[in-house]
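K.L.:
Dumping the structure here so I can ask a few things about it.
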Amino acid sequence: MGDNKSSKINQNICGLCNEKQSKYCCPRCEIFYCSLDCYKSENHMQCSESFYRECVNNELSSLHAGDESRDKMVDILKRMQDEDNIDIDNLIEYDDEPADSDDEAETDLQDRIKDLNLDDADAVWNALTEDERNEFEALLNQGDVGSIMPQWEPWWSYRRDKKLVEDVAVDDGEALKNCPELKAVPKFETLTTATPSPAIKSNITNVLASYAFVMRYFNGDIEPGEAVICLLNICDNLDSNANYDDPAIALESVAQKCLQSFYRECVNNELSSLHAGDESRDKMVDILKRMQDEDNIDIDNLIEYDDEPADSDDEAETDLQDRIKDLNLDDADAVWNALTEDERNEFEALLNQGDVGSIMPQWEPWWSYRRDKKLVEDVAVDDGEALKNCPELKAVPKFETLTTATPSPAIKSNITNVLASYAFVMRYFNGDIEPGEAVICLLNICDNLDSNANYDDPAIALESVAQKCLQSELIQTDEASLTIMKKDTFLIIRGPSEENEKYYCQAALSHLHQILSQAKSQEKQVKSNLDTVKEKKDFSRKFPEHERDNLPKLDVSKVKKCIKKVEFYLSYIDSYNMDFE
1 MGDNKSSKIN QNICGLCNEK QSKYCCPRCE IFYCSLDCYK SENHMQCSES FYRECVNNEL
61 SSLHAGDESR DKMVDILKRM QDEDNIDIDN LIEYDDEPAD SDDEAETDLQ DRIKDLNLDD
121 ADAVWNALTE DERNEFEALL NQGDVGSIMP QWEPWWSYRR DKKLVEDVAV DDGEALKNCP
181 ELKAVPKFET LTTATPSPAI KSNITNVLAS YAFVMRYFNG DIEPGEAVIC LLNICDNLDS
241 NANYDDPAIA LESVAQKCLQ SFYRECVNNE LSSLHAGDES RDKMVDILKR MQDEDNIDID
301 NLIEYDDEPA DSDDEAETDL QDRIKDLNLD DADAVWNALT EDERNEFEAL LNQGDVGSIM
361 PQWEPWWSYR RDKKLVEDVA VDDGEALKNC PELKAVPKFE TLTTATPSPA IKSNITNVLA
421 SYAFVMRYFN GDIEPGEAVI CLLNICDNLD SNANYDDPAI ALESVAQKCL QSELIQTDEA
481 SLTIMKKDTF LIIRGPSEEN EKYYCQAALS HLHQILSQAK SQEKQVKSNL DTVKEKKDFS
541 RKFPEHERDN LPKLDVSKVK KCIKKVEFYL SYIDSYNMDF E
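Mind the numbering: the sequence shown is residues 1 to 581 in full-length UniProt numbering, read in order.
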């Protein structure tokens with residue numbers, strides 16, 4: 001356990017300087033780093049160079065050929081020349097030697113590009129002299145693109161604070177000229193007589209945050225089509241009519257949509273946790289097909305691209321699906337032995353590069369659906385179709401048959417602690433869990449089930465799970481994932497609709513009850529397996545971390561108590577609700 005803790009600490013250290021605590025993750029190579037200096041350092045130059053090159057290419061291709069854009073392009077290229085003290089008005093060589101026939105340095109830069117289409121990066125590139133091209137590439141190599149790219153100043157940066165004494169004539173007129181022109185719209189009361197929903201301000205916050213990010217992202221110089229695609233990708237209110245009751249959640253939603261989630265252990269977990277049913281088998285085949293697609297390998301007829309005959313050990317001509325159709329997909333060693341040497345190398349390369357996300361389909365939680373109430377809607381509208389994706393509800397006795405005592409005010413907060421833990425574990429395993437491992441992780445972060453902790457405040461119950469995740473030696477996570485967990489808990493408690501607000505809570509606890517029951521049954525089999533000395537095979541030797549014996553032992557007596565507690569919570573929700581006053 002000490003080694004695990006040490007490994008976890010090492011993963012929080014900057015991967016470039018190996019000294020300071022990491023704060024950021026490069027979205028391209030996924031290395032963790034601590035500062036901008038490390039990001040721009042020689043150790044990260046290959047990745048950062050490609051990023052800067054992409055930025056400049058985007059700038060060259062996105063500028064429009066109007067006067068303003070042309071002036072901006074000239075200004076950028078002038079700055080490049082100023083870096084080397086070149087006179088833009090008369091580009092001449094400093095060595096008194098006559099310019100050769102290929103030398104265009106005496107031609108004024110503005111004259112050279114004035115008739116060009118500035119959307120055509122190749123045309124602009126061809127108009128540059130050899131020296132200018134070399135300087136441009138040198139800037140890319142040095143990571144100094146920021147020195148030639150003018151930083152956009154948002155028009156909303158201006159703010160005039162009220163003073164105790166100020167001139168009567170002072171107003172914001174001059175500054176407001178920089179703002180976009182206001183659109184004339186009808187009065188709100190002419191559109192509806194209904195009282196505005198309290199959520200509307202939070203929804204507007206979601207839209208404004210998305211707009212602000214996109215404007216900054218494109219440095220104030222947007223191409224409408226591309227900008228709208230990016231905006232809809234991060235703004236759930238506009239993209240899917242999501243509603244927010246809290247402006248902080250509306251804001252955080254945009255942040256989370258912008259961030260990338262990294263799942264480095266997904267494929268390893270997938271190999272060891274998939275069950276051998278048709279659905280699981282199809283998923284495994286799909287994953288391995290994606291691996292092959294990365295290298296343009298034909299899944300229907302795996303053949304070598306050189307014309308040399310395959311040797312006796314080469315299984316590339318055997319269809320992958322045929323090779324694994326009779327295997328137990330819970331047996332990672334059996335699956336590993338069925339792969340060709342090339343497939344094994346590709347698998348290891350994906351793990352080493354952290355590209356598992358490119359072949360793992362992202363799980364969509366069943367609690368994501370929400371039907372908000374409309375002022376006018378069809379009588380027949382219900383949630384029936386969406387609820388088919390939810391776990392089956394467990395039948396439980398009425399709460400009043402279990403106890404005559406008045407329910408404790410803490411029970412709702414305690415249920416919140418359990419729901420948050422369940423939501424996190426489901427996301428952590430990408431929706432495809434192995435009961436024993438899932439319960440071990442859940443009890444590691446859920447103090448209500450693990451140690452009968454009680455909570456008087458749902459916020460504290462929620463934060464308890466977040467802190468336990470950060471402190472856990474079994475789980476590796478980050479603040480972004482914990483924010484998603486909190487949002488998921490809110491969605492589960494909120495339910496699929498106002499008329500059906502209990503349903504998601506009941507479905508989540510019913511599913512948890514099923515997981516606990518399966519874990520209890522499996523533990524007997526695990527104990528039996530531990531009594532038998534198991535020979536370490538190829539996959540097990542190569543990837544020992546997937547073995548169950550690396551996890552703490554599951555306390556079956558505690559699991560039984562948890563099952564009873566979850567049944568008690570289900571009875572409570574059936575008779576009451578999860579409204580917090």
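Note that beta-carbon positions come from the ideal geometry of N, C-alpha and C, so glycine has one too.
Who pairs with GLN21 in a beta bridge, going by DSSP?
P.N.:
Paired residues: ILE13.
K.L.:
From the DSSP output, in three-state form, read off TYR422 for me.
P.N.:
Note: TYR422 maps to helix in three-state DSSP.
K.L.:
According to DSSP, is MET578 helix, strand or coil?
P.N.:
Coil, per DSSP.
K.L.:
Contact between the stretch 223-237 and the stretch 203-215 is defined here as three or more beta-carbon pairs at a separation below 8 angstroms; is this criterion met?
P.N.:
Verdict: yes, contact present.
K.L.:
In the structure shown, what three-state DSSP assignment does TYR39 receive?
P.N.:
Here TYR39 sits in helix by DSSP.
K.L.:
Mind checking who PHE218 pairs with in its DSSP beta bridge?
P.N.:
Its beta-bridge partners do not exist; DSSP assigns none.
K.L.:
Could you compute how far the alpha carbon of ASN417 sits from the alpha carbon of GLN46?
P.N.:
Computed Cα separation, rounded: 45 angstroms.
K.L.:
Just the C-alpha distance for ILE92 and ASN141, rounded to the nearest angstrom, thanks.
P.N.:
With a pLDDT of 35 at ILE92, under the threshold of 50, the modelled position of this residue cannot be trusted, and the question is left open.
K.L.:
Alpha carbon to alpha carbon, how far is SER35 from PHE51?
P.N.:
Their backbone Cα atoms lie some 17 angstroms apart in a straight line.
K.L.:
Tell me whether the beta-carbon of residue 596 lies closer than 7 angstroms to the beta-carbon of TYR572.
P.N.:
Lying outside 1 to 581, the shown extent of the chain, residue 596 is not represented and no answer is given.
K.L.:
Taking Cβ positions, are LEU191 and VAL214 nearer each other than 7 angstroms?
P.N.:
Result no, Cβ atoms of LEU191 and VAL214 do not sit closer than 7 angstroms.
K.L.:
Are SER510 and PRO391 close, meaning C-beta to C-beta below 7 angstroms?
P.N.:
Cβ distance < 7 angstroms, so SER510 and PRO391 count as in contact.
K.L.:
Hey, how far is the Cα of GLN151 from the Cα of VAL228?
P.N.:
For GLN151 and VAL228, the distance between alpha carbons rounds to 22 angstroms.
K.L.:
Can you list, in chain order, the residues of its chain with a C-beta nearer than 6 angstroms to that of ALA508? Leave out the 5 residues immediately preceding and following it.
P.N.:
Once the five neighbours on either side are set aside, the close Cβ partners of ALA508 are LEU419, TYR422 and ILE492.
K.L.:
Going by C-alpha to C-alpha distance, which of GLU463, VAL566 and GLY436 sits closest to LEU551?
P.N.:
The shortest Cα separation from LEU551 among GLU463, VAL566 and GLY436 belongs to GLY436.
K.L.:
If you count every other CB in all the chains shown that lies within 10 Å of the CB of TYR576, and 16 or more means buried, which is it?
P.N.:
Exposed: under 16 other Cβ atoms inside 10 Å.
K.L.:
If you drop the 5 nearest sequence neighbours on each side, which residues of the same chain put their C-beta closer than 7 angstroms to that of PRO186?
P.N.:
Hits under 7 angstroms: none found.
K.L.:
Counting along the chain, where does the alpha helix (DSSP H) carrying CYS446 start and finish?
P.N.:
From DSSP, CYS446 is part of no alpha helix (DSSP H); its letter is neither H nor E.
K.L.:
What residue range does the alpha helix (DSSP H) around ASP236 cover?
P.N.:
236-240 is the extent of the alpha helix (DSSP H) around ASP236.
K.L.:
Any idea which residues DSSP pairs TYR33 with across the strands?
P.N.:
Looking at the DSSP assignment, TYR33 forms a beta bridge with TYR24.
K.L.:
Please state the DSSP three-state secondary structure of ASN205.
P.N.:
Checking the displayed sequence, the identity of residue 205 turns out to be Thr instead of Asn. Of the three classes helix, strand and coil, the one that applies to THR205 here is helix, per DSSP.
K.L.:
To the nearest angstrom, report how far apart GLY225 and TYR33 are at their CA atoms.
P.N.:
The straight-line gap from Cα to Cα measures roughly 33 angstroms.
K.L.:
Could you compute how far the alpha carbon of SER472 sits from the alpha carbon of ASN241?
P.N.:
Each residue's Cα considered, the two are about 36 angstroms apart.
K.L.:
Mind reading off the beta-carbon distance from ASP447 to ALA453? Whole number of angstroms is fine, and I expect it under 8 angstroms.
P.N.:
Contact flag correct, Cβ pair sits at about 4 angstroms.
K.L.:
If you run the structure through DSSP and keep just helix, strand and coil, what is TRP367?
P.N.:
DSSP places TRP367 in helix when its eight states are reduced to three.
K.L.:
Under the three-state reduction of DSSP, which class applies to SER497: helix, strand or coil?
P.N.:
Residue state, collapsed to three classes: coil.
K.L.:
Alpha carbons only, please: which of ASP246, LEU327, LEU393 and LEU128 is nearest the one belonging to SER197?
P.N.:
Considering only alpha carbons, the answer is ASP246.
K.L.:
Could you name the residues of the same chain whose beta carbon sits closer than 7 angstroms to that of residue 582, not counting the 5 residues immediately before and after it, in chain order?
P.N.:
The shown model of the chain, from 1 to 581, leaves out residue 582, and the question about it has no answer.
K.L.:
Suppose contacts are defined by Cβ-Cβ distances below 7 angstroms. Is VAL566 in contact with LEU512 by that definition?
P.N.:
Yes.
K.L.:
Taking the Cβ atom as the reference point for each residue, do ASN500 and LEU474 lie within a distance shorter than 7 angstroms?
P.N.:
Taking 7 angstroms as the Cβ cut-off, ASN500 and LEU474 do not qualify as a contacting pair.
K.L.:
Below 8 angstroms CB to CB, which residues in the same chain sit around ARG133 once its five sequence neighbours on both sides are set aside?
P.N.:
These residues qualify, in order along the chain: TRP125.
K.L.:
With DSSP run on the structure shown, which of helix, strand or coil describes LEU189?
P.N.:
Note on residue identity: the sequence assigns Glu, not Leu, to residue 189. GLU189: helix per DSSP, three-state reduction.
K.L.:
Have a look at LYS564 and ARG494 and give me their C-alpha separation to the nearest angstrom.
P.N.:
Cα to Cα, the separation comes out at about 24 angstroms.
K.L.:
When burial is assigned at 16 or more other CB atoms within 10 Å of the CB, is PRO496 buried or exposed?
P.N.:
That one is buried.
K.L.:
Kindly indicate which three-state DSSP category ASP111 falls into: helix, strand or coil?
P.N.:
If DSSP states are grouped into helix, strand and coil, ASP111 belongs with the helices.
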